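Residue numbers for the first sequence follow our numbering, so the first one is -8 and each next one is one higher.
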Amino acid sequence: MKFSAITVDVTSLGINTPDGFFTAHYSKRGLARLDFPNAIGEKSRRESNGRPVSAEMQAWHKMTTRAVREVLAGGTHGELPPLDLSAGTEFQQSVWNALRKIARGRTKSYGEVAAVIGRPKALRAVGGACGANPIPLLVPCHRVLAANHKLGGFSGGLDWKRKLLGREGLEFFE
DNA sequence: TAACATTCCGCGC
DNA sequence: GCGCGGAATGTTA
């Protein structure tokens, strides 16, 4: 089931946090992507395209900003803007949906997540879906560990995963 | 077809 | 217990 990429104009807005400058991308449907500060050429960090941002989008960005800061501080995020997950396949969306149900400070293994969505043997694919997750932090892909309670991997860098888990109170990973 | 952010089993240490 | 090698596994580009 594929959906060839439609071109949707997205607006990029920055989020300044004690941990760096995140970038949020919004489509008409909601928050479509969230980028870590990290990284490689720190791509485009331009704020919107010069054009005024709609009131609705400003409201979304306000929620996103607050949510990101709260998560970084180790708390629970409050209200979130609508998430635009239309970029993912159905399988990926069901995985991301399952991830959102993991409470703060809790973890699941890739196998458990696979079982939750009714495909116990697709555990390997769950890993792939996590890697494709466009909205880390808000979709807590960092709470998924390997079965033996090992870290597994993380797109944004394993140090992030450790840091986030540590701030949620899992002292094991400090 | 060839990757994988997996997991399980059997080794040897 | 820990680490390594190898095999089976579902989804994706």
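Here a beta-carbon is modelled for each residue, glycine too, at the ideal position from N, C-alpha and C.
None of the values given here were measured: they were computed from a predicted structure.
Worksheet item: Quick one: is Lys34 buried, meaning 16 or more other Cβ sit within 10 Å of its Cβ, or exposed?
Response: Below a pLDDT of 50, predicted positions are generally treated as unreliable, and Lys34, at 48, falls in that range; no measurement from the model is reported.
Discussion item. Measuring straight from C-alpha to C-alpha, what distance separates Phe(-6) and Pro9?
Written reply: Summary for Phe(-6): the model assigns pLDDT 45, below 50, so the residue's position carries little reliability, and this model does not support an answer.
Practice prompt. From the DSSP output, read off the bridge partner residues of Asn7.
Written response: Phe12
Worksheet item: Looking only at its own chain, which residues have a Cβ that is under 6 Å from the Cβ of Arg24, when we skip the five neighbours before and after it?
Response: His16, Pro125
Practice prompt. Could you tell me which of Ser100, Lys152, Lys19 sits nearest to Ala137, measuring between CA atoms?
Written response: Residue Ser100 is the option with its Cα nearest to Ala137.
Worksheet entry | Backbone CA spacing between Val1 and Ser85 [nearest angstrom] | 23 Å
Worksheet item: DSSP three-state call for Ala46: helix, strand or coil?
Response: helix
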